[in-house]
Amino acid sequence: MDFNFILTIFLSFFFLPLCTLLLLTSSGRRKNLPLPPGTLGWPYIGETLHLYSQNPNVFFASKVKKYGSIFKTHVLGCRCVMISSPAAAKLVLVTKSHLFKPTFPASKERMLGKQAIFFHQGDYHFKLRRLVLRAFAPESVKSIVPEIDSIVVDSLRAWENRLINTFQEMKTFTFNVALLSIFGKEEVLYREDLKRCYYVLEKGYNSMPINLPGTLFHKSMKARKELAQILAKILSLRRENKKEHADLLGSFMEENEGLSDDQIADNIIGVIFAARDTTASVMTWIIKYLAENPTVLEAVTEEQEKIIREKDDKGLTWVHTKNMPITSRVIQETLRVASILSFTFREAVEDVEFEGYLIPKGWKVLPLFRNIHHSPENFPDPTKFDPSRFEVAPKPNTFLPFGNGAHSCPGNELAKLEILVLIHHMTTKYRWSTIGPQNEIHYAPFALPQNGLPIRLFLKNQI
Ligand code: HEM
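If you read the sequence shown in the working numbering, its first letter stands for residue 26, the second for the next number, and so on.
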């Protein structure tokens with residue numbers, strides 16, 4: 026809650042003047058349409074305290090109940106329109122995406138780097154997406170299954186018989202896989218240096234952008250500079266060696282693509298950011314749901330033991346991972362129930378008419394993924410963890426764990442792959458017990474089980 030409070034105050038001071046300015050400049054162009062229903066709360070702070078004094082999803086759900094699937098509010102210093110119908114989410118993210126640009130707090134933009142993929146639209150964004158998709162398409166990630174397999178085996182061995190914080194350990198695991206996908210098999214050479222700098226950098230992602238000695242932001246910016254120097258060294262070594270690489274760095278470095286070293290560095294840091302905590306949170310939830318649902322755990326274990334018999338002492342392959350329907354449904358259902366990204370942010374680039382309402386230029390627009398995933402109209406008995414519901418494909422635009430449209434997640438194949446490999450080894454060799462209270466959800470900022478889910482992991486044959 027401390028973090029949220031600081032974030033709130035910071036955003037109120039930095040974003041409100043900007044939003045007010047945008048509102049004033051656009052007011053002359055307003056069409057004669059009503060704003061969406063809802064309340065804007067107190068001057069200046071709006072409804073931010075209301076939002077953060079409880080589980081944010083309770084705030085969203087109560088607003089949806091009162092005002093319907095589109096409503097206005099004023100949080101974190103900005104006037105916002107929140108939307109929770111599948112059709113409206115499609116309109117904002119896909120059909121009319123040119124009217125809604127991505128938007129992030131200033132500190133995040135400076136830390137990740139202004140040229141990172143998230144902050145752009147148009148030709149530059151299109152080019153980056155093509156390069157990222159090339160490196161993370163099934164054709165590319167299938168070649169690193171053996172390396173992911175050995176990262177999983179090593180990680181699990183290190184957790185054996187220990188009390189571990191699941192989320193923290195998963196973060197180390199997903200960091201290592203992210204480096205593998207970016208730098209290929211050479212990644213071990215840089216792992217420790219990159220880790221040291223990145224771990225300092227990430228602490229400043231949500232800090233106030235005050236670059237004075239002693240501030241979190243200053244420390245993070247220093248670490249970012251060092252990270253960029255390490256990346257520059259890797260780039261020059263690759264240029265000297267002139268070898269072709271099928272990883273993300275190789276994709277970015279292709280001469281005819283013409284990316285500068287700064288653009289490459291911003292996007293490498295951006296991909297680590299996008300790949301790591303997201304995938305680690307999902308894995309943490311899977312461990313929790315499997316522990317709470319023994320019948321599902323048994324079905325997954327049976328499916329994975331069948332794969333072990335099939336692979337007959339050989340390593341796991343891409344084809345095996347594509348033949349895990351029960352486990353894949355567990356991942357889908359976890360993505361739905363946990364909805365680790367409750368929403369995303371866009372900003373109206375002009376006054377937009379939307380379902381008979383006006384969204385003024387400069388207002389933030391938030392598609393509420395979690396509300397869509399938790400609506401009984403889209404998923405009956407929505408709080409129940411029931412992977413079998415995915416035996417039938419969900420209705421269009423109701424299942425958006427990886428977003429939709431031009432900015433949807435290009436890393437989704439890699440994320441699913443690393444999760445499948447982890448579940449394969451975990452369910453066939455290990456069992457685990459959760460320790461301490463489990464009922465609360467923490468937002469950091471991704472939804473997480475209480476305290477990062479402490480567990481104790483045992484080899485099955487030792488139980
Ligand atoms: C289960 C894990 C993951 C989840 C739930 C997830 C979810 C998402 C979502 C919802 C978006 C769209 C955000 C928006 O529209 O505002 C996104 C974008 C993105 N994700 Fe993921 N992601 C995951 C893992 C990964 C991984 C492993 C990578 C890279 C290897 C990755 C790279 C990216 C990038 C680069 C973008 C920005 C795309 C763009 O702006 O064009 N993600 N992710």
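All C-beta atoms, glycine included, are put in the ideal place defined by N, C-alpha and C.
If we ignore side chains and look at the alpha-carbon of each, how far apart do residue i and residue j end up?
i    : j    : result
T191 : G381 : 46 Å
I480 : T128 : 37 Å
G209 : K133 : 27 Å
A300 : I70  : 32 Å
L205 : E211 : 8 Å
N281 : F410 : 48 Å
L341 : Q288 : 35 Å
G53  : P62  : Residue confidence is low: G53 scores 45 on pLDDT, short of 50, so the model does not pin down where it sits. Its coordinate-derived value is still stated next. So the two alpha carbons sit approximately 21 Å from each other.
K91  : V377 : 23 Å
T352 : G387 : 42 Å
L383 : G430 : 23 Å
I255 : S245 : 15 Å
P407 : V170 : 34 Å
I466 : E317 : 15 Å
A271 : M451 : 29 Å
I444 : G102 : 37 Å
L158 : V166 : 10 Å
R187 : L442 : 26 Å
V307 : K247 : 30 Å
V355 : R155 : 30 Å
R216 : V390 : 38 Å
Tell me whether residue i counts as near ligand 1, meaning its Cβ is closer than 7 Å to at least one heavy atom of that ligand.
i    : result
L118 : yes
C222 : no
N464 : no
H365 : Note on residue identity: the sequence assigns Ile, not His, to residue 365. Yes, Cβ of I365 sits closer than 7 Å to a heavy atom of ligand 1.
N437 : yes
T459 : no
V177 : no
V307 : yes
C434 : yes
V390 : no
S536 : Within the shown structure, residues of the chain are numbered from 26 to 488, placing residue 536 beyond reach of any answer.
G283 : no
P127 : yes
G229 : no
I173 : no
G295 : yes
S122 : no
A271 : no
P111 : no
S165 : no
Taking 8 Å as the cut-off, decide whether the C-beta atoms of residue i and residue j are in contact.
i    : j    : result
T359 : Y314 : yes
K88  : T98  : yes
A160 : L273 : yes
L393 : F368 : yes
N403 : P426 : no
M136 : Y224 : no
F125 : R395 : no
H449 : I293 : no
I176 : F198 : yes
So what does DSSP say about residue i, is it helix, strand or coil?
i    : result
H432 : helix
L341 : coil
A305 : helix
Y382 : strand
E465 : coil
L219 : helix
A257 : helix
Y224 : helix
E269 : coil
S458 : strand
L484 : strand
R187 : coil
L473 : strand
V325 : helix
V202 : helix
K441 : helix
Could you check if residue i belongs to the surroundings of ligand 3, using beta carbon to heavy atom distance under 7 Å?
i    : result
A300 : Judged by which ligands are present, ligand 3 is missing from the structure shown, whose ligands are ligand 1.
Does the beta carbon of residue i come closer than 8 Å to any beta carbon on chain C?
i    : result
V170 : Among the protein chains of the structure shown there is no chain C, as only one such chain exists.
Threshold first: 3 residues or longer. Then list the beta strand (DSSP E) segments lying entirely within the segment 111 to 180, N to C.
125 to 127
Alpha helix (DSSP H) runs contained entirely in the segment 46 to 108, provided each spans 4 or more residues:
73 to 77 and 81 to 92
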